[in-house]
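Structure record follows, encoded as structure tokens.
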Amino acid sequence: MLTVIALIFIVALVSPWIHKLFGNKSGWVLALLPFGSFLYLASWLPHITAGNVVQQSTPWVSMALFQVDLAFYLDGLSLMFGLIITGIGTFIVLYGSGYLSGDAYLSRFYCAVLLFMGSMLGVVLADNLISIFVFWELTSFTSFILIGFSHEQENSRKAALKALLVTGIGGLALLAGLVLMGFASGHWEVSALLNEGDIIRNHPHYLAILILVLAGAFTKSAQFPFSFWLPGAMAAPTPVSAYLHSATMVKAGVYLLARMNPVLGSTETWLILVGGFGLLTLLVSAWLALSFTDMKQILAYSTVMALGTMIMLIGLGTEMAMKGLAVYILSHAMYKGALFMVAGAVDHEAGTRDVLKLGGLRPLMPISFAAAALAAISMAGIPPLYGFIAKEIVYEAALEAPLWPVLVITLAVIANIAIVAASAIVVIRPFLGKKVETPKKAHEAPLTMWIGPLILAVLGVLFGVLPFLVDRSLMIPVASSVFGAPMDFYLSLWHGFNLPLVLSLLTLTGGILVYLVWDRLRESAPMKVYQSGFAMGPINGYEGLLAGLLGLAGWQTRTIQNGLMSNYLITILVTMLVAVGYTFITRSGLVWNHSFENMLLQEWALSIAILTSLGIILAFRNSRLTMVIGAGVVGFSLALIYLMHGAADLAMTQVLVETLTVILVVLVLIHVPKLIEVRSTTSRIRDAVVAVGAGVLMTLLILAVTAVPFDAFISEYYAEASYPLAHGRNIVNVILVDFRALDTMGEVVVVAIAGLAVYALIKMKRFGSPDDPETEGAAPDGTASKQGKSS
Amino acid sequence: MDTILPILAGTIFATGIYLLLRRSLILTIIGIILISNSVNLALFSLGRLSTENPPLIKAGSLEPLAPFANPLPQALILTAIVIGFGLLAFALALAYRSYRELGTVDQDELLKDAEDTSAAIVPKNDFKDGGDV
Amino acid sequence: MKSLILHTATRLMIGVLVLFSLFLFFRGHDEPGGGFIGGLVGAGAFTLYAIAFGTEATRKVLRIHPITLIAYGLLSLVVSGLIPMFMAEPFLTGKWLFIEWGAFDTKLSTPLLFDIGVYLCVVGFIVTVIFSLEEE
Amino acid sequence: MFEIIAGILLISGGFFVLVASVGILRLPDILMRMHASTKAGTLGAGLILLAVAFTYGEIGIISRAVATIIFILMTAPVAAHAIGRAAYKSGFKFWKGTVVDDLKTYYERSGTPGHEDGELPKED
Amino acid sequence: MNGLLVLPVAIPLITATLALLFRKSSQLQRWIGVLGMVALLGAVLVLFRDVHNDGIQVLQLGNWAAPFGITLVADMLAMLMLGISAIMGVIIGIYSIFDIDRERERFGYYPLLHILIMGVNGSFLTGDIFNLYVWFEVMLIASFTLLALGNSKNQLQGALKYVFINLFSSLIFLFGVALLYGMTGTLNMADLAVRLPQVENTGLVTTVAMIFLVSFGIKSAIFPLFFWLPASYHTPPVAISAIFGGLLTKVGVYALIRVFTLLFTDASVHNDYLHHILLWVGGFTMVIGVLGAASHMEFRKILSFHIVSQIGYMIMGLAFNTAMGLMGAIFYVLHNILAKSNLFLISGIAQRLLGTFELKKMGGLYKHYPFLAVLFLISAFALAGFPPLSGFWAKLSLVKAGLSLELYVITGVAILVGLLTLFSMTKIWLTAFWGTVPEEVPGHFGKLPLFGAGKLYILVIPVMIIAGMIILVGLNAQPFLELCMTAAEQLLDTSVYIEAVLGPQ
Amino acid sequence: MDFFSLAISIVYVLLSLSLLVSLVRVIIGPSLADRVVALDLIAFVVISLIATYAISSGHPVYLDVAIVLALVAFLGTIAFARFIIMRAEKLRKEGTHV
Amino acid sequence: MKIFLFHIILALIWTAVTATFSFGNLLIGLILGYLVLIVVEPAIDKNHYTRRVWKGITLILFFLKELVVSSVRVAIDVMRPGFHMKSGVVDIPLTVTSDLEITILANMISLTPGTLSLEVSEDKKELFIHAMYIDEGVEHVRENIKNGMERHIMEVTRGVQVRD
Ligand code: NA
Ligand code: NA
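Structure follows, in structure tokens:
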């Protein structure tokens, strides 16, 4: 299976060249890839049907603390998803080649859609928790590229970002959930976890894991209130939306929950959270579908409704629910794929998808109509199509709901009424009725664009009429996988007169009635409120959140990153004072065992001289040269202090450096006019407090450290080794050029580079384009800069 | 002296910090000079003080006269002084050049974060002849 | 600065300063002095000259571009470090050559070469800085 | 004996240094102050350096002390000249006991910008 | 002893010296520059083999035994950092050929670049805390100069902040070194590791540790000490931005990792307290940095703020103080250098094509330069931690480390910040790449090919190489993770380091 | 205490006083030149202090520091002088001279 | 020839400061002096380096006398309350002509208390000094300098033949 996925990725990456090679026929050539994969997966079908599973594993990272395998697990569930992904994928590649024929970006489409397919296949086939996440993220990434395919339109870009962020945050939550699951159970393979459900369910982290996994699944599967990204994603070209939103990406969440059902499911929390969200989503979105006139929007919300249904079924967790889930997923993939593709074909041929601007296309696009009609009938749950079987079982499962079955079935019926109406809208409005002038002159879509929908629609009929084609071979393994135990059932079109059938009739009737009043309903005030509440609400929430975040970001940047260096410095200083001072006082404590007793007179004089000079420096802040003189006195005094403690080299260096420093500062000051200090008293006091604090801290730290017993063993070694081994009598110099010569080398490099730096700073021409008004060196006060240059 | 030196170091440090926060870059630089001096002094007193013999070996002997002043901090401070001097020269030149280009040494005026940086950074490269290559 | 007294005194002083800087440099291994200190004093000579006569004149006196001086300084640092490596000893190991020629007792060593590098870099550095700032 | 000479040299040296500093504190204008600083300072420091030579009495130390004195004698007047000339050229007020200023006449004659009566410019 | 250990320092110095001697000839300097970088890479690879096969390598410079002389120590962490530094050196060396103009070359760009690398390598290798200070200064002066080289208004503005804040931080560092010396009488880090636990006043050692946290914190731009970074890193030429953004800040992180695993350990400080603080610092750094990135619309400013944010992850890994956490932190450092540098390099190509770094004035890159877009996507999504790119493993190991320690809040923050990272990366993507071609673009936009005439390929090839490495590390993570794990394990068991430097205890 | 030790103590007192007295001139100025003169004198005081210390410590080697200071201290003074002259010229050129 | 003298002086300074009066050290001093000359040679005005050593000694003694005497006078004035002297800037017409002579003269004037060299005229014919004590008149100051300091210096710099 790794080979298949890798092959898909590789072919995806080279697809632009394949496209170049085969030109118009490239769609057919590239469709061989998903089709081949489909056949490969299908070849496992007998094996799976026989109740076996397939496991393959290649170690990716294999370390004591870190084990990630590229492990794959093929059972009924993953096989069905794999078949859907590759099967519909085949049609999508073909469809895309027609839809985007002549588009400059067609090769990029191939590349992205195949990458997406590979990722999606990876998600459903992966066994290792981490590799599930890997592929999961890859689907987020590739879908981002696909949704933003028409990137020159603003709304496309926005939709792509929305999808990426929403599914991205879910993905990250999922990662945390998966890792926690791994830690909780000690297993990193789903196949192993399937038998360890109890460990997880009884683990203290169960709730956290559950919520994190659900966050991943719900965002991906567009459960309310995260559903808002999906309709927006319809900005993508139809091949993309058809693929992503009928068969694949949005179903990743469904897949994940189905996969995790044996591990995380069958608890009350699961039932309430998963079932509840599913139910809420299916109810809300079904009716939202009716508030739009864009075929793809209608289909998008009906998709959300279908996803809600699937999630709800997983939440219910009963055998009937599992059976329903299996059938519903398959049937939905077929009819929704077909409908999306037809919607795209209509858009492609007629130039619009707005059902109000369409009508009477049937004679012009007969095949598309046929496909659409069959698919819509399936979606509406009308016999003998497969969708009918699915809906029947869903109703049955709802009736058997472990909690509040009446509520569940009522809501399910109400939602399905809207879906029936929606099915009618997407077929009757564009294809039947009066011919309407469309932006483009409509005619039948090319073969590549109708073959997929038609086959899918026909399969819907086929499976409906002859359900045994898939039930034993696929549906039972699927349901068993999700249920976590072997199941056995038959599917049939006719269930006898029972409550579900009655409810189906009720649904159908209701749906037709709603369809008839749709135009008025759509325009009615409650519907507007409903739409703005449930469709726009989450979007506004998202956008508000984003705006809030950006606002916060802007605010914090303006506040703390305000460009004033003194503010940066004061922040740093206060941080240092607080961090070091607090630690010092609380952890170490002050040390004070010092006296001034044995100080000599000249030492007092030097100290007073230093303090006086500091006073001069502070007092003459508006006379820079006086400050320089003060600093010079400090430097000379320090040299004397060094000297009086046996440091002749140091004193010499200090004297020399101090003198040269004075010269350099003076040379610079010749050119730079002075600046009268203007700061508020408040900030001066603040600065003074910080400065005094820092000074006191430094003093106390030195005193505390000098109270620690000291061992000058290194210097004693130097004293012994200096002459006999290093042939030098000046130990300081021997340290500099021998014992610690590397320091000196670094230091000389600093000096050397400083020389180069000053040279470059002063001598180098300034860069800047002549059209940059700033480059003329215009000074705020004009004169200042002239002064600088004149001297 | 081993009490007054830490106090002096702290005082010089405090003065340096206060100057560091002034608006004029020149004052900032003088602040850096003082801070640098204070840290050197701190290092000096942390190597423990001695009013004894310098760490020099007289001709004819193999070791300095004990007790001798700790030579290691001296060497370290020497290194630090020279490094500090190099950096100071750079800072001065930078302040000077900034003044020439920006017309002021007022931090608050000239240090507002720059916004569009594109034009000034990269010289116009003529691609036709391969530019600067 | 235009001053006859300063100019004449400077001509005298730079000789003294350079000589004294060499003195400080050469005895540095045994008594206070060494590459930095010597270099700083030597650079003081050119600083004085530059202040008194301007940089153009000083450039003529120095004849070598100060950046090149820095480069040679770095070169001798590197060479002094690498020499012991060719004798299979660690970088910067001191290697000594004692020459006894009766009147002279000279010691040549890699630390000396190292210190020469220090000297050249320090002189080059300060002269560069002074030249740059003075010429403006 | 040497110790006593050294002691006297030391004390007189210290005395002249102190005189120099009191001089720059007390004397009425900048040029007057420079008289105190350059001369008394040189003499004071020179005497103390001589004291070093006498204390140790070794040829090496004597030669160094003398070298230091020579260096001071070489540099101090140049510095004094430079700063005195700068002070003069940048303008300042002579004290009331000043009776003659030939340099002003010379500057006016030669058109060199030079001393104008008045306070030195405010600090920079 | 391994005499070759000095080469990562010596080779750049030699190269810089030669480049300085031949500074009149641009052509010669470029050759010297690239060859020097290649030689450095070769030397590092040889050393890498030694460290990998024989464990920690040590060189006592000047043949003075530790702790009396200066010791160079190459453990796995140092080697990994050296490796990435050498790789970046080669990359930037090539990129500079086109990116850097003659004027900058004339004024010492190449010597400066190599001295910068020398300082970086010295910091990684040194086993002496004062020597580390010296290397920091070498690095600083070179970086100061590279930042200001060109003297444009923005560069000077950025440089001023960078310079003064970093000068201050260096002085604090020096003060910290002084305090350490005052407590133990030694500067050798292995010896310090032996002696610090013997200091009775543990609280005092903890206080000194805080000083190091502040000083290195400024260098590595952690909250709330990071301001200088986003104020300056977007101003110099791109090659310099890249090496700054990629490599330079990580030296601060390296230093933090080094001192907080070797010197300030359970034995010598109140370590829970320190790691608690580190955890908070890491969290805030992530959040504040990423918010800063979210609020800007300039290509390189976004990248600069991201640097800050991502430093937070590394600090978090350090704070975890487990093998997994450290491994994650180290891996994060390495990956981040690759991805971040590459994004800077891409920004440079984009700027050359579109004439600006302002996102609002950019667009059309995806349309006209899809290959560049792919390179950007690889780097950007690697930065956001997307599998199977390098960043994924960094993120995964940190998440695993955090969750295994049951530190849910910080892990959650880390995860959320990842999303915000993604957000600001897509901001660049949506405007500069997916956005429509702006009305005013330079005449060559869309016509100038990435390869061929115009010689843009000199800029593109380095980007391709890094992108390839990002993918390679992502797909074949095992050896890299193993190396990082070895490094982490060496960090946690200080006795090996101590024994390698000081001999059997 | 013999005369020599007394002399040393006295000279320390005198030099310490000088140092502080010179600082007073730095404080009161009034002109930059006055302060520079004071700084120049302080260099002499420091030279004297070093020389005295070379005696009192018994280490004539410290004398070398005095030599260095004697050689370079005037450089600073000359730089100041240059500053004062250039500033005066600048002010004169701008006609703001008082 | 004159540079050679300078050379010897440098070598002697070397031996003085290294404090090792041996032939070897003198040789080193000469070599170093040579190096120094190579370095500073372009800076040296080649015309003014002859000197008479014994005249020099006379000069030094004269100078020391002046230094001490007038230092004492300054000291007294500094210590005495109030200032009663007259001072001013005086021009001294110069007999000495060379730069070196003028400089030595000016420096000696500066070093002797009570006088301070401020400026030399462009034509090198006048030296302007600030004199602390001109109580006895400007001419007295001029005479003192011309007959004292300047004459001594000329005896050194010009040798015997200039004496008149
Ligand atoms: Na050193
Ligand atoms: Na050093």
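Chains as they are written, first to last, in our numbering: chain A, 2 to 792; chain G, 4 to 136; chain B, 402 to 537; chain L, 1169 to 1292; chain Z, 84 to 588; chain S, 760 to 857; chain C, 721 to 884. Ideal Cβ positions, reconstructed from N, Cα and C, are used throughout, including at glycine. Owing to the predicted nature of the structure, the values given are computational and were not obtained by experimental measurement.
Selection of the stretch 136 to 150 of chain Z by Cβ proximity to chain B, strictly under 7 Å: Leu142, Gln143, Leu144, Gly145 and Asn146
Can you name, in chain order, every residue of its own chain whose Cβ lies under 7 Å from the Cβ of Phe469(Z), other than the five neighbours on each side?
Phe475
For Leu361(Z), the nearest candidate out of Thr98(Z), Val500(Z) and Phe299(Z) (CA to CA):
Phe299(Z)
query = Which chain S residues sit within Cβ distance under 7 Å of Leu418(B)?
reply = Leu830
| message | If you measure between the beta carbons of Leu270(Z) and Leu208(Z), is that distance less than 8 Å? | response | no
Quick one, which of Asn568(A), Asn53(A), Asn731(A) and Tyr516(A) has its alpha-carbon nearest Leu291(A)'s? Tyr516(A)
Quick test of the definition: if touching needs 3 or more C-beta pairs under 8 Å, does the stretch 350 to 361 of chain Z touch the stretch 447 to 459 of chain Z? no
**Message:** Is the separation between the beta-carbon of Val275(A) and that of Leu331(A) shorter than 8 Å?
**Reply:** no
- Query: Hey, would you say Asp211(Z) sits closer than 8 Å to Met162(Z), going by beta carbons?
  - Reply: no
- prompt: Any C-beta of chain S sitting closer than 8 Å to the C-beta of Ala722(A)?
  reply: no
- request: Using a Cβ cut-off of 8 Å (strictly closer), state whether Phe740(A) contacts chain S.
  value: no
Go through its chain and collect everything with a Cβ distance to Thr332(Z)'s Cβ below 8 Å, but skip five positions before and after it.
Lys302, Ser303, Ala304, Leu312, Ile390 and Ile394
Report task. Helix, strand or coil for Val92(Z), going by three-state DSSP, please let me know. Result -> helix
Could you tell me whether the Cβ of Tyr1224(L) comes closer than 8 Å to any Cβ of chain C? no
CA nearest to the CA of Trp288(A), picked from Pro367(A), Gln603(A) and Ala423(A) | Ala423(A)
Beta-carbon gap between Thr1206(L) and Ala1174(L) smaller than 8 Å | no
Any contact between the stretch 137 to 146 of chain A and the stretch 162 to 172 of chain A? By contact I mean 3 or more CB pairs, one from each, below 8 Å. yes
Length of the line joining the Cα atoms of His768(C) and Met414(B):
Confidence at His768(C) is low in this model, with a pLDDT of 40, below 50, so the placement of that residue is unreliable and no value is reported for it.
Does the beta carbon of Thr558(A) sit closer than 8 Å to a beta carbon anywhere in chain Z?
yes
Exercise for review: Answer yes or no: do Gln110(G) and Leu23(G) have a C-beta to C-beta separation smaller than 8 Å?
Suggested key: no
Going by beta carbon distance, what residues of the same chain come within less than 6 Å of Lys221(A), once the five residues before and after it are set aside? Thr168, Gly171, Ala253 and Gly254
Starting from the C-beta of Val127(Z), find all residues in its chain whose C-beta is less than 7 Å away, skip the five residues before and the five after it, and write them out in chain order.
-> Pro91, Leu165, Gly166 and Ala169
Open item on the list: Is there a Cβ of chain C sitting closer than 8 Å to that of Ala410(B), yes or no?
Closed with: yes
- Item | Rounded separation between Asp823(S) and Lys107(Z) - CA only | 41 Å
Near-chain B residues of the stretch 803 to 830 of chain C - C-beta to any C-beta below 8 Å:
Asp819, Leu820, Ile822, Thr823, Ala826 and Asn827
Could you name the residues of the same chain whose beta carbon sits closer than 6 Å to that of Ser303(A), not counting the 5 residues immediately before and after it, in chain order?
Ala290, Ile420 and Ala423
**Item:** Asn40(G) versus Phe447(B): straight-line alpha-carbon distance, rounded
**Value:** 26 Å
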